[in-house]
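Peer 1: Dropping a structure here in structure tokens format, bear with me for questions.
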Amino acid sequence: MPDSSRCFTRRLLLFGMVTLLLALLFWLGYDLGRGGTLSTAGMQIFNLNLQRLDLQRELDEVEARLQDSERQRRLLERSQQIDLESTRILKEQLRQALDDRVSLAREMSYLKRLIREGGKGAVQVTGFRVSAGSVERVFRYSFTAAQVVSGLAKAQGRIRLRLEGLENGEAAAFSLDELPAADPRKLDMDFEHLQNLAGEFELPEGFEPKTVVIDVEPAGGQLVPSSATFPWVVGPR
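Residues in the sequence shown are numbered consecutively from 27, following the numbering used here.
Spelled out as structure tokens, the structure:
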């Protein structure tokens, strides 16, 4: 029951008790005036009403304590929810860091093998991040492309971003140029050491992304193609 309703109810009960008490006093005065002494029945009624008033006061005190306990319970529940949310975010960030580390270690091993075998350079993608945009289902992303071995050749070519996941319960994939409101719609690379890339896109209705795949397609023959996979984890804005 809301506090305002309880307060109104108590006032109504108090008004009723006061009215009843006044009526009782009037009746007792009439009883005394008629007989000169207070009858046994009148005395019993008087005592019962006094007890009723005492019980009502005790009830009001218990109700006030219950309201205070309810307020404390809500504060504690809110505090626990905040702690749980903080723990969830920390676990999510830790999982993302571990996934990134495993993915990068696997990619580095692959790139180093290619370089040893072919004597060519390669581009490594790191630091992929995705965050919610200002509109529902719109997300921003950013990452860095850098040469594994500098000095071999200028990195030029195309970087392709692809989302893989489920659409209405079935496996599906969307390239960057297939995503609604993608800006930019294609990613070009042109750098000597590293390049930071960023953009935004909208998720198609019914599509739930699981991973992000970034393919590097260098122009010329001095750099080998490479690919990196990242888990879909939405971080803070």
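The C-beta atom is built at its ideal place from N, Cα and C for all residues, glycine as well. On a predicted model such as this, the values are computed, not experimentally measured, just so you know.
What residues are listed by DSSP as bridge partners for P235?
Peer 2: P235 pairs with G191.
Peer 1: Contact check, Q248 vs G147 under 8 Å by CB: the rounded distance?
Peer 2: About 6 Å separates the two Cβ atoms, so the contact holds.
Peer 1: So D216 is in the beta strand (DSSP E); what residue range does that whole segment cover?
Peer 2: Looking at the DSSP string, the run of the beta strand (DSSP E) that includes D216 is 213-217.
Peer 1: I'd like to check one pair, L213 with R184: are the Cβ atoms closer than 8 Å?
Peer 2: Cβ distance < 8 Å, so R184 and L213 count as in contact.
Peer 1: Counting pairs of Cβ atoms below 8 Å between the stretch 252-260 and the stretch 199-215, do you hit three or more?
Peer 2: As far as the Cβ criterion goes, the stretch 252-260 does not touch the stretch 199-215, which means the pair count is below three.
Peer 1: Specify whether the stretch 179-197 and the stretch 225-233 touch according to this definition: at least 3 beta carbon pairs, one from each stretch, less than 8 Å apart.
Peer 2: Yes, the stretch 179-197 touches the stretch 225-233.
Peer 1: Can you give the Cα-Cα distance for E243 and M215, rounded to whole angstroms?
Peer 2: Their Cα atoms are separated by approximately 9 Å.
Peer 1: Please return the same chain residues whose Cβ sits closer than 6 Å to the Cβ of F217, not counting the five positions on each side in sequence.
Peer 2: For F217, where only same-chain residues beyond five positions count, the Cβ hits under 6 Å are A181.
Peer 1: Who are the Cβ neighbours of Q150 in its own chain at under 6 Å, not counting the five residues just before and after it?
Peer 2: For Q150, where only same-chain residues beyond five positions count, the Cβ hits under 6 Å are A172, V174.
Peer 1: Let me make sure I understand the geometry here. Which of A158, A131, G159, T237 has the alpha-carbon closest to that of A197?
Peer 2: For A197, the nearest C-alpha among the options comes from T237.
Peer 1: Starting from G147, follow its DSSP beta bridges and name the residues at the other end.
Peer 2: BP columns for G147 point to L249.
Peer 1: Does DSSP put S112 in a helix, a strand or coil?
Peer 2: DSSP places S112 in helix when its eight states are reduced to three.
Peer 1: Could you pull out every residue in the same chain whose Cβ sits closer than 6 Å to the Cβ of S112, ignoring the five residues on either side in sequence?
Peer 2: Here the set comprises nothing.
Peer 1: Looking at the unbroken beta strand (DSSP E) that takes in A197, where does it start and where does it end?
Peer 2: Note, A197: beta strand (DSSP E), 196-201.
Peer 1: Hey, out of S160, F227, Q122, T170, whose CA is closest to R263's CA?
Peer 2: Per the Cα distances, S160.
Peer 1: Need the endpoints of the beta strand (DSSP E) that S160 sits in, please.
Peer 2: Segment: none, S160 is in no beta strand (DSSP E) and carries neither H nor E.
Peer 1: Taking C-beta to C-beta, are S157 and V260 nearer than 8 Å?
Peer 2: Contact flag set, yes.
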